[in-house]
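Student: Got a structure for you, questions after.
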Amino acid sequence: MAEASYVERRSQLTTYFDRTAVEAWARLTSDAPVSKIRATVRAGRDAMRANLLSWLPDDLTGKRVLDAGCGTGALSVEAARRGAEVVAIDVSPTLVGLARERSIEILGPDRIDFRVGDMLDPWLGRFDHVVAMDSLIHYSAADITRALAELGLRTDGSLVFTVAPRTALLTLMHAAGRFFPRGDRAPAIVPVTEGGLRRRIGREAALAGFAVGRTQRVNSGFYLSNAIELTRASPPPCGEKPERTR
Ligand SMILES: C[S@@+](CC[C@H](N)C(=O)[O-])C[C@H]1O[C@@H](n2cnc3c(N)ncnc32)[C@H](O)[C@@H]1O
């Protein structure tokens, strides 16, 4: 069962991404003009998405991929283009609606299985790859580790995700962020150190079958994010592998 801190943060994020920031987020993830600062964020996010996708097999035909916290769905569309059976889930019904509309424009109908809800929902079934781009950055290191552990129980290949690195620069950017209009501010990002997170992952029994693979930092103006890959080094223990739901 999810910890209270996870549930509380998820609820704040639902309000933020479904109401407060929905228009700003829709714009940031489109081709519409944005401020210079946001253009650096957009460029950084494009680079990060490309990096995460490059860690998945080129041919994803027949592979089940979970886009955990899919937002407006750009990563889902790219994975589906490469043949994946994508389940895209987000707590924001508005963003999922927008993601569905955008994906239909690009790929046609019914290519992606969009869901509204929690990425940790066990009913989503098993996956070959789980990608969580910038969707865990608002959770504490303890909650990130527990979320990875739950996702890991249902993942046969790799878990790729991003965290906000704890650096002096990020602290400075947070200070600068206070000058943004209040309504546009996100719930605080929780910076984590890679070493600290690696130690937590190492102590988490449910992640014992995984090893840390590639890592990549993307730094573009006001965007700073650290990608980490966990690859399954040993098969899940007997009894841990329920039937696939699809
Ligand atoms: C910064 S946005 C990133 C969206 C998308 N991954 C991208 O990179 O464009 C974070 C997203 O994660 C979603 N999110 C946060 N916690 C979640 C959870 N527990 N389950 C599902 N979605 C979640 C938010 O609603 C938001 O859309």
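Take the sequence shown: its letters are residues 1 to 246, numbered as in the UniProt record's numbering. Heads up, the beta-carbon is just placed ideally off N, CA and C, and yes, glycines get one too. Being a predicted model, the structure only gives us computed values, none of them experimental.
1. Contact check, R82 vs D110 under 8 Å by CB: the rounded distance?
2. Taking the straight line between their C-alpha atoms, what separation do you get for Y139 and R9?
3. For the 8 Å Cβ check, are there 3 or more pairs between the segment 213-225 and the segment 140-156?
4. I'd like to check one pair, L107 with A74: are the Cβ atoms closer than 7 Å?
5. T162 and M133: beta carbons closer than 7 Å?
6. On the three-pair Cβ rule with 8 Å, is the segment 91-107 touching the segment 35-52?
7. Check whether the Cβ of V91 lies closer than 6 Å to any heavy atom of ligand 1, and answer yes or no.
8. Report yes if the C-beta distance between T193 and R217 is below 7 Å; otherwise report no.
9. Return the CA-CA distance between V7 and T61, expressed in angstroms with no decimal places.
10. Pull up the distance between the alpha-carbon of R64 and that of D113, whole angstroms please.
11. If you count every other CB in all the chains shown that lies within 10 Å of the CB of L230, and 16 or more means buried, which is it?
12. Who pairs with D67 in a beta bridge, going by DSSP?
13. Provide the residue(s) that pair with A142 in DSSP beta bridges, ordered along the chain.
14. Rounded to the nearest angstrom, what separates V116 and V96 at their Cα positions?
15. Can you confirm whether the segment 84-101 touches the segment 8-26 when touching is taken to mean that 3 or more C-beta pairs between the two stretches lie within less than 8 Å?
16. Does DSSP classify R246 as helix, strand or coil?
17. Excluding the 5 residues flanking T215 on each side, which residues of the same chain have their C-beta closer than 8 Å to its C-beta?
18. Answer with buried or exposed for A50, where buried requires no fewer than 16 other C-beta atoms within 10 angstroms of its C-beta.
19. Contact check, G209 vs A233 under 8 Å by CB: the rounded distance?
20. Which one of P122, D128, E23 and C70 has the shortest CA to CA distance from E85?
21. Return helix, strand or coil for F114, following the three-state DSSP convention.
22. Quick check: the Cα distance between A68 and L53, rounded to an integer number of angstroms?
23. Determine the direct distance from the alpha carbon of I89 to that of E3, and round the result to whole angstroms.
24. Determine the extent of the beta strand (DSSP E) in which G62 is found, giving its start and end residues.
Tutor: Inspection of the coordinates gives the following:
1. Locating residue 82 in the sequence shown gives position 82, counting from the first residue. Locating residue 110 in the sequence shown gives position 110, counting from the first residue. Contact between R82 and D110 does not hold, since the beta-carbon distance rounds to 17 Å and is not under 8 Å.
2. Residue numbering aside, residue 139 sits at position 139 when the sequence shown is read from its first letter. Residue numbering aside, residue 9 sits at position 9 when the sequence shown is read from its first letter. Rounded to whole angstroms, Y139 to R9 spans 7 Å at the Cα level.
3. Short answer: they don't touch.
4. For the purposes of this step, residue 74 is identified with residue 74 of the sequence shown, where counting begins at 1. For the purposes of this step, residue 107 is identified with residue 107 of the sequence shown, where counting begins at 1. No, the Cβ-Cβ distance between A74 and L107 is not below 7 Å.
5. One-based indexing of the sequence shown puts residue 162 at position 162. One-based indexing of the sequence shown puts residue 133 at position 133. Yes, these two residues count as a Cβ contact at 7 Å.
6. With fewer than three CB-CB distances shorter than 8 Å, the segment 91-107 does not count as touching the segment 35-52.
7. As a working note, residue 91 is residue 91 in the sequence shown. With a threshold of 6 Å, the Cβ atom of V91 counts as near ligand 1, since some heavy atom of the ligand is closer than that.
8. Counting from one through the sequence shown, the residue named residue 193 turns up at place 193. Counting from one through the sequence shown, the residue named residue 217 turns up at place 217. Cβ atoms of T193 and R217: not closer than 7 Å.
9. Position 7 of the sequence shown, counting from 1, holds the residue named residue 7. Position 61 of the sequence shown, counting from 1, holds the residue named residue 61. Distance between the alpha carbons of V7 and T61: 34 Å.
10. Translated into the one-based positions of the sequence shown, residue 64 becomes position 64. Translated into the one-based positions of the sequence shown, residue 113 becomes position 113. In a straight line, the C-alpha of R64 is about 11 Å away from that of D113.
11. Along the sequence shown, read from residue 1 onward, the residue named residue 230 stands at position 230. Taking every protein chain shown into account, the CB of L230 has 16 or more other CB atoms within 10 angstroms, so this residue is buried.
12. Against the sequence shown, residue 67 aligns to sequence position 67. BP columns for D67 point to A88 and V131.
13. To locate residue 142, count along the sequence shown from 1; it is residue 142. Its beta-bridge partners do not exist; DSSP assigns none.
14. For this step, residue 116 is matched to residue 116 along the sequence shown. For this step, residue 96 is matched to residue 96 along the sequence shown. Straight-line measurement puts the Cα of V96 at about 7 Å from the Cα of V116.
15. Per the Cβ contact rule, the segment 8-26 is in contact with the segment 84-101 (3 or more Cβ pairs under 8 Å).
16. Translated into the one-based positions of the sequence shown, residue 246 becomes position 246. For R246, the pLDDT reaches just 47, beneath the cut-off of 50, and the residue's location in the model is therefore unreliable, although a value from the coordinates is still provided. Of the three classes helix, strand and coil, the one that applies to R246 here is coil, per DSSP.
17. Residue mapping note: residue 215 aligns to position 215 of the sequence shown, counting from 1. Excluding sequence neighbours, T215 sits near E194, N226, A227, I228 and E229.
18. Here residue 50 refers to the residue found at position 50 of the sequence shown. Around the beta carbon of A50, a 10 Å sphere encloses fewer than 16 other beta carbons of the protein chains shown; the residue is thus reported as exposed.
19. Working through the sequence shown from its first residue, we reach residue 209 at position 209. Working through the sequence shown from its first residue, we reach residue 233 at position 233. That pair is a contact at about 6 Å.
20. Walking along the sequence shown from the start, residue 85 turns up at place 85. Among P122, D128, E23 and C70, the Cα nearest to that of E85 is on D128.
21. Here residue 114 refers to the residue found at position 114 of the sequence shown. Three-state DSSP puts F114 in a strand.
22. By 1-based counting over the sequence shown, the position of residue 68 is 68. By 1-based counting over the sequence shown, the position of residue 53 is 53. Here the alpha carbons of L53 and A68 stand approximately 14 Å from one another.
23. Locating residue 3 in the sequence shown gives position 3, counting from the first residue. Locating residue 89 in the sequence shown gives position 89, counting from the first residue. Distance between E3 and I89, taken at the CA atoms: about 20 Å.
24. Here residue 62 refers to the residue found at position 62 of the sequence shown. Annotation for G62: no beta strand (DSSP E) segment contains it, and DSSP assigns it neither H nor E.
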